[in-house]
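J.:
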Amino acid sequence: MAIPVKPNCCTVLMLLCLFLGLLLEARAGDILYSVPEETEKGSFVGDIGKDLGLQPLELAKRGVRIVSRGRKQLFSLNPRSGSLVTAGRIDREELCAQSARCLVNFNILVEDEMKLFSVEVEIIDINDNTPQFQLEELEFKMSEITPPGTRISLPFGQDLDVGINSLQRYQLSSNPHFSLDVQQGTDGLQPPEMVLQSPLDREQVAVHHLVLTAFDGGNPVRSGTLRIRVQVVDVNDNPPAFTQAEYHRSVPENVPLGTRLLVVNATDPDEGPNGEVTYSFHNMDHKVTQIFQLDSYTGEISNKEPLDFEEYKIYALEIQAQDGAGLMARTKALIKVLDVNDNAPEMTITSVTNAIPENFPPGAIIALISVHDQDSGDNGYTICSIPANLPFILEKLVDNYYRLVTEQTLDRELTSRYNITVTATDQGTPMLSSQTHIALLVTDVNDNPPIFHQDSYSVYIPENNPRGASIFSVMAQDADSSENAQVTYSLAEDTIQGAPLSSYLSINSDTGVLYALRSFDYELFWDLQLKVMARDNGVPSLSSNVSLHLFVLDQNDNAPEILYPTLPTDGSTGVELAPRSAEPGYLVTKVVAVDKDSGQNAWLSYRLLKASEPGLFTVGLHTGEVRTARALMDRDALRQSLLVVVQDHGQPPLSATVTLTIAVADSIPDVLAGLGSIKTPTDPDDTDLTLYLVVAVAAVSCVFLAFVIMLLVLRLRRWHSRRLPQASRDSAASAPAPHFVGVDGARALLQTYSHEISLTSDSRMSHLIFPQPNYADTLVSQESCEKKDFLSAPQSLLEDKEETFSQIPALKQLLKCFSTLRF
41 MAIPVKPNCC TVLMLLCLFL GLLLEARAGD ILYSVPEETE KGSFVGDIGK DLGLQPLELA
101 KRGVRIVSRG RKQLFSLNPR SGSLVTAGRI DREELCAQSA RCLVNFNILV EDEMKLFSVE
161 VEIIDINDNT PQFQLEELEF KMSEITPPGT RISLPFGQDL DVGINSLQRY QLSSNPHFSL
221 DVQQGTDGLQ PPEMVLQSPL DREQVAVHHL VLTAFDGGNP VRSGTLRIRV QVVDVNDNPP
281 AFTQAEYHRS VPENVPLGTR LLVVNATDPD EGPNGEVTYS FHNMDHKVTQ IFQLDSYTGE
341 ISNKEPLDFE EYKIYALEIQ AQDGAGLMAR TKALIKVLDV NDNAPEMTIT SVTNAIPENF
401 PPGAIIALIS VHDQDSGDNG YTICSIPANL PFILEKLVDN YYRLVTEQTL DRELTSRYNI
461 TVTATDQGTP MLSSQTHIAL LVTDVNDNPP IFHQDSYSVY IPENNPRGAS IFSVMAQDAD
521 SSENAQVTYS LAEDTIQGAP LSSYLSINSD TGVLYALRSF DYELFWDLQL KVMARDNGVP
581 SLSSNVSLHL FVLDQNDNAP EILYPTLPTD GSTGVELAPR SAEPGYLVTK VVAVDKDSGQ
641 NAWLSYRLLK ASEPGLFTVG LHTGEVRTAR ALMDRDALRQ SLLVVVQDHG QPPLSATVTL
701 TIAVADSIPD VLAGLGSIKT PTDPDDTDLT LYLVVAVAAV SCVFLAFVIM LLVLRLRRWH
761 SRRLPQASRD SAASAPAPHF VGVDGARALL QTYSHEISLT SDSRMSHLIF PQPNYADTLV
821 SQESCEKKDF LSAPQSLLED KEETFSQIPA LKQLLKCFST LRF
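Residue numbers (this note's numbering): 41 to 863.
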């Protein structure tokens with residue numbers, strides 16, 4: 041028989057340490073789950089296998105099971121899924137009652153390893169209990185004279201749930217006499233109390249039925265009710281009582297007079313005289329009592345004066361009801377007056393500027409306007425406006441103030457005065473509006489120069505105008521005003537033919553009238569350009585100028601002037617030579633005349649006014665050529681006298697006459713013979729002088745002819761010695777230029793005649809002119825002496841006389857020509 045070996049102390053100690061280690065390890069691995077109460081059996085709680093690190097099939101092999109301490113098993117293991125499930129219905133209130141947190145603790149044992157795992161499952165409360173009162177109905181009795189403020193305690197409501205699902209609040213049904221007061225204590229809600237708010241009146245309400253409701257905070261909310269019955273105990277001292285504590289009525293302010301506005305009603309439950317009630321105003325303003333009327337028996341309130349919202353918006357009427365025993369009751373009737381749009385906006389011009397310069401920049405303040413409407417709401421909401429075609433805008437400020445400012449720079453020349461209409465319109469129905477007018481004067485600034493009506497002027501004035509006569513008037517307009525528009529005129533400084541313009545013309549500085557200071561002569565100048573300046577009197581002064589073209593119109597103030605033949609200065613008469621062999625139409629001479637005028641006034645015509653032998657000579661109407669009208673005959677007188685008149689076409693026409701003396705002879709001896717037959721006054725001295733002259737002329741003629749022949753020979757030899765180009769140039773230079781005589785731009789080729797010699801007798805003897813065989817249409821002057829043409833006008837023969845030849849001026853002239861020749 042074997043003797044059992046007793047374990048020693050070391051072995052026991054080792055087992056104890058192992059057990060404590062397993063216990064600590066199990067405690068360190070607590071598992072916590074949660075599940076709502078009232079869940080169905082088999083509801084999932086947690087995955088034990090996963091939390092233990094075991095597969096579902098290992099749970100049974102390793103002997104995993106729940107170890108409890110004698111409590112009803114609430115949970116079980118599902119060996120297939122390895123999850124923790126409910127074993128039946130769980131009621132949190134049964135397990136934990138009113139605890140704030142309900143935890144169920146048990147252990148999981150892993151048998152093969154002897155390991156314990158602590159598991160805690162929190163049971164989550166759900167709102168599955170309704171608040172309840174111990175009683176279904178509660179009844180009180182209260183005297184009708186119970187003072188307000190009296191408190192009555194009410195029973196608690198109970199809810200088995202916890203947290204938000206427990207009882208949260210109470211509510212008392214609506215009643216004008218009672219209210220509910222619930223105090224919050226440190227441990228939650230205190231017992232509810234019902235407070236009397238107003239006196240009770242059995243005659244009005246004998247029994248008050250109230251309902252107290254308790255609510256939890258779950259979702260959905262659950263509630264329980266308690267019916268409360270308050271019976272009012274009667275006292276025989278009831279005063280009259282109004283049906284309402286306050287009477288309210290809203291009426292428009294334009295309600296007609298006598299309209300029933302409100303009816304107050306007070307009742308008295310007493311009988312007989314004690315129940316008869318009369319009405320009156322109490323403690324009312326005298327002015328208000330004049331507006332309203334109260335019927336003392338019916339309590340009807342009507343208006344006997346118009347209502348005015350702007351004066352009173354609410355009328356508070358205190359009304360007193362009194363029974364026959366002298367008991368009284370009072371109430372208030374509040375009559376609210378509704379606004380009607382019966383007031384137009386009122387505008388007040390706080391500040392205004394009546395004048396503004398036209399050069400003010402935009403944004404200049406013209407006026408500050410205040411707008412007020414006594415109505416309210418939309419009836420009192422106002423909008424201000426001005427016409428859209430004005431250069432102004434309205435800027436809205438605070439408190440219905442508007443500022444009228446300029447939108448752009450004003451121009452007085454466009455508009456000098458503005459009448460600005462400001463319109464204020466409310467938004468009521470119907471809309472009401474009012475207007476105010478602001479007169480604004482735009483003052484002038486000198487910003488416009490004077491402007492002439494035309495860019496330039498043309499003035500036509502006849503010559504020989506009277507001195508000081510008004511010839512033209514210019515006018516410039518200035519768009520400015522006052523001094524800025526006062527224009528003064530002046531002439532620009534200039535000169536005319538070396539003289540200042542001011543000596544010819546002057547201008548009135550105020551009127552712009554132009555005056556001629558002297559008589560104009562078309563023959564001196566026919567046009568004049570000047571500038572007229574217009575300057576205003578503004579600061580700074582502005583000016584402008586205009587061109588004025590003055591045209592002088594010709595007048596027939598100049599008679600024709602005869603250029604050829606010229607009258608000798610010694611009183612003698614020139615003689616033209618006509619050979620007796622001349623055919624009809626032979627050109628004897630030509631009368632050349634000019635007129636200093638122009639146009640028609642200078643258009644000349646020639647006529648034969650008188651002839652010693654009518655029909656022998658004719659004069660060209662427009663050419664002035666004197667030609668033979670027929671062949672000359674022997675019987676014709678040697679000396680013919682013609683009186684030719686030259687007349688212009690002016691109005692009235694002016695004319696000049698010239699007397700032509702024509703000698704009819706074929707040679708000089710014939711002329712001289714004929715001269716002897718001319719009757720002259722018998723003067724011995726004159727006869728001797730004529731003889732001397734004839735001899736001198738004959739001698740000079742011979743010398744002259746010899747000189748001419750020698751000169752021609754010398755010239756021909758020199759010409760052959762020069763080259764052809766040089767000869768061409770010399771011949772061109774030596775060719776005489778045609779002479780033109782013209783006046784006023786009109787040039788006329790004057791046909792003149794070359795003469796070889798001119799004889800001059802005394803004052804009683806005529807000139808002798810001998811023609812050359814060919815007639816040149818060139819007027820030869822004194823310069824022709826240098827060109828070997830010896831022609832001198834009779835007038836030139838009488839100039840510069842010397843002592844030796846004081847009686848023979850023609851011979852002197854021939855000697856001058858001879859001295860100028862170059863060999």
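C-beta: ideal position from N, C-alpha, C; glycine also.
All values derive from a computational prediction rather than experimental measurement.
How would you call His217, buried or exposed, if buried means at least 16 neighbouring beta carbons within 10 angstroms?
T.: Per the 10 Å Cβ criterion, buried.
J.: Measuring only the C-alpha atoms, how far is Leu302 from Glu176?
T.: 44 Å
J.: With three or more beta-carbon pairs closer than 8 Å as the criterion, would you say the segment 678–696 touches the segment 628–638?
T.: yes
J.: For Phe492, which residues in the same chain have their Cβ closer than 6 Å to its Cβ, ignoring the five residues on either side in sequence?
T.: Ala516, Val586
J.: In angstroms, rounded to a whole number, what distance separates the CA positions of Asn429 and Glu345?
T.: One C-alpha to the other measures close to 47 Å.
J.: Taking C-alpha atoms, which residue in Val628, Gln537, Thr535, Ser425 lies nearest to Arg667?
T.: Distances from the alpha-carbon of Arg667 to those of Val628, Gln537, Thr535, Ser425 put Val628 closest.
J.: Return the residue from the list Val328, Val104, Glu77 that minimises the CA-CA distance to Asn167.
T.: Glu77
J.: With a threshold of 7 Å on Cβ separation, who are the neighbours of Gly417 within its own chain once the five nearest residues in sequence on each side are excluded?
T.: So the list reads Asp379, once near-sequence residues are dropped.
J.: Roughly how many angstroms lie between the CA atoms of Gln333 and Asn419, to the nearest whole one?
T.: Their backbone Cα atoms lie some 29 Å apart in a straight line.
J.: Among Leu564, Lys571, Leu374, Tyr646, which residue has its Cα nearest to the Cα of Asp688?
T.: Checked all of Leu564, Lys571, Leu374, Tyr646; the closest Cα to Asp688 is Tyr646.
J.: Assign Val272 to buried or exposed, taking buried as 16 or more other Cβ atoms, counted over all protein chains shown, within 10 Å of its Cβ.
T.: buried
J.: Roughly how many angstroms lie between the CA atoms of Arg758 and Pro619, to the nearest whole one?
T.: 38 Å
J.: Verify whether the separation of the beta carbon atoms of Leu531 and Ile511 is less than 7 Å.
T.: no
J.: Locate the beta strand (DSSP E) running through Thr446, then write down its first and last residues.
T.: That run of the beta strand (DSSP E) goes 441–446.
J.: What is the C-beta distance between Leu480 and Ile405, in whole angstroms, given that I count them as a contact (C-beta under 8 Å)?
T.: Rounded, the Cβ-Cβ distance is 12 Å, inconsistent with contact.
J.: Can at least three beta-carbon pairs, one atom from the segment 568–582 and one from the segment 593–606, be found at a separation below 8 Å?
T.: no
J.: Is DSSP giving Arg452 helix, strand or coil here?
T.: coil
J.: Using the C-alpha atoms, what's the distance from Asp152 back to Ile88?
T.: 17 Å
J.: Could you tell me which of Ile185, Lys181, Val202 sits nearest to Ile192, measuring between CA atoms?
T.: Lys181
J.: From Glu616 to Cys742, what does the alpha carbon distance come to, in whole angstroms?
T.: 22 Å
J.: Quick one: measure Cβ to Cβ for Pro280 and Thr307, integer angstroms, because I've assumed they're closer than 8 Å.
T.: 7 Å
J.: For Tyr441 and Leu472, which I take to be in contact (beta-carbon distance under 8 Å), what is that distance rounded to the nearest angstrom?
T.: With 8 Å as the limit, Tyr441 and Leu472 do not qualify as a contact, their Cβ atoms being about 20 Å apart.
J.: Once DSSP output is grouped into helix, strand and coil, what is the label at Gln640?
T.: helix
J.: Quick check: the Cα distance between Ile866 and Asn305, rounded to an integer number of angstroms?
T.: This structure leaves residue 866 out entirely; the chain is present only between 41 and 863.
J.: If you reduce the DSSP assignment to three classes, tell me which class Gly86 lands in.
T.: If DSSP states are grouped into helix, strand and coil, Gly86 belongs with the strands.
J.: Look up Met750 in the DSSP assignment and say whether it is helix, strand or coil.
T.: helix
J.: Please report the straight-line C-alpha distance between Leu450 and Gly468, rounded to a whole angstrom.
T.: 36 Å
J.: Classify Ile702 as buried or exposed, calling it buried when 16 or more other Cβ atoms lie within 10 Å of its own Cβ.
T.: buried
J.: Where in the segment 503–591 do unbroken runs of the beta strand (DSSP E), each at least 3 residues long, occur, reported from the N-terminal end onward?
T.: 510–513, 527–531, 545–547, 553–556, 567–576
J.: For Arg443 and Asn488, what's the separation of their Cα atoms in angstroms?
T.: C-alpha separation (whole angstroms): 31 Å.
J.: Just to check my reading of the structure: Leu117 and Arg105 have Cβ atoms closer than 8 Å, yes? What is that Cβ distance to the nearest angstrom?
T.: 7 Å
J.: Applying the 10 Å Cβ sphere with the 16-neighbour rule, what's the burial state of Leu554?
T.: buried
J.: In the DSSP assignment, find the beta strand (DSSP E) that holds Lys376 and state where it starts and stops.
T.: 368–378
J.: Could you give the first and the last residue of the continuous beta strand (DSSP E) run that contains Val634?
T.: Going by DSSP, Val634 is part of the beta strand (DSSP E) stretching over 632–634.
J.: Quick one, which of Thr658, Glu623, Ala622, Leu649 has its alpha-carbon nearest Lys630's?
T.: Thr658
J.: Can you look up Gly315 in the DSSP assignment and give me helix, strand or coil?
T.: DSSP places Gly315 in helix when its eight states are reduced to three.
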